[in-house]
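Numbering (the numbering used here), first residue to last: 148 to 352.
Note that CB positions come from ideal geometry on N, CA and C, so glycine has one too.
Here the structure comes first, spelled out in structure tokens, and everything after it is commentary.
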């Protein structure tokens, strides 16, 4: 049986990540590729309402462990799909935890880089690694403008200074930096750039 592939899309809310993920799966299916879309947190994730939108150290730690537990189970499902020959497109993965929770958790370490190293060590229980991470880069100001049009679906993490720090963290993550795509342009242009980046690396079509 031919092994499938595992692609992750990352970015700030408002980067077009979810729309691009859906388009990508539809595009791959149109090319005859058995593709499936998934996301994190999963539908089985039970978010503690007390943690919603909180950005203190303890809350970020709790969220990180809750996301990690969800990711462990999710990774088992993804690995099964890959072994069935499916190409899995995942909307967010470990890098979101590093960017959002890690931006705060790292402040409790000296130097802060040790915080990200610790998070990766904790996450090493998850053996599954994406073949490619596509990071949709957008400036926080543009992200906030886009988010404001759909505030009913906001995640609680939307605050300009915080998003600036999150973007800085994203840009420091090697996997995101290597797969970075400019998402400030139109959704159509972003999608074309995403397809080009993926096919350049993975040669799926």
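- With 16 or more other Cβ atoms from the protein chains shown falling within 10 Å of its own Cβ, residue 277 counts as buried.
- For the alpha helix (DSSP H) assignment, the uninterrupted runs of no fewer than 4 residues enclosed by the stretch 247-291 are, from N- to C-terminal side, 260-270.
- Per the C-alpha coordinates, the member of 271, 317, 193 and 181 positioned closest to residue 326 is 317.
- Cβ atoms of residue 171 and residue 236 come within 8 Å of each other, at about 5 Å.
- In this model, residue 275 and residue 351 are separated by some 20 Å (Cα to Cα).
- Here residue 186 carries a strand assignment [DSSP, helix/strand/coil].
- As DSSP reads the structure, residue 154 sits in a beta bridge with 236 and 279.
- With contacts defined as CB atoms closer than 8 Å, residue 202 and residue 154 fail to qualify as a contacting pair.
- Secondary structure at residue 217: helix, using DSSP grouped into helix, strand and coil.
- Judged by their CB atoms, residue 265 and residue 151 are not nearer to each other than the 8 Å cut-off.
- Three or more Cβ pairs closer than 8 Å define a contact, and the stretch 195-209 meets that threshold against the stretch 240-254.
- For residue 328, no alpha helix (DSSP H) encloses it; the enclosing beta strand (DSSP E) starts and ends at 327-329.
- Of the candidates 284, 312 and 328, the residue whose Cα lies closest to the Cα of residue 347 is 328.
- Here residue 308 is exposed, its C-beta having fewer than 16 other C-beta atoms within 10 Å.
- Residue 219 counts as exposed, since fewer than 16 other beta carbons sit within 10 angstroms of its beta carbon.
- Only exposed fits residue 216, as fewer than 16 other CB atoms lie within 10 angstroms of its CB.
- For residue 263, the closest C-alpha among the options 281, 273 and 241 is that of 241.
- Nearest neighbour of residue 269 by Cα position, chosen from 214, 259, 225 and 312, turns out to be 214.
- For residue 200, the closest C-alpha among the options 343, 175 and 306 is that of 306.
- One thing to note: residue 163 has its Cβ no nearer than 8 Å to the Cβ of residue 310.
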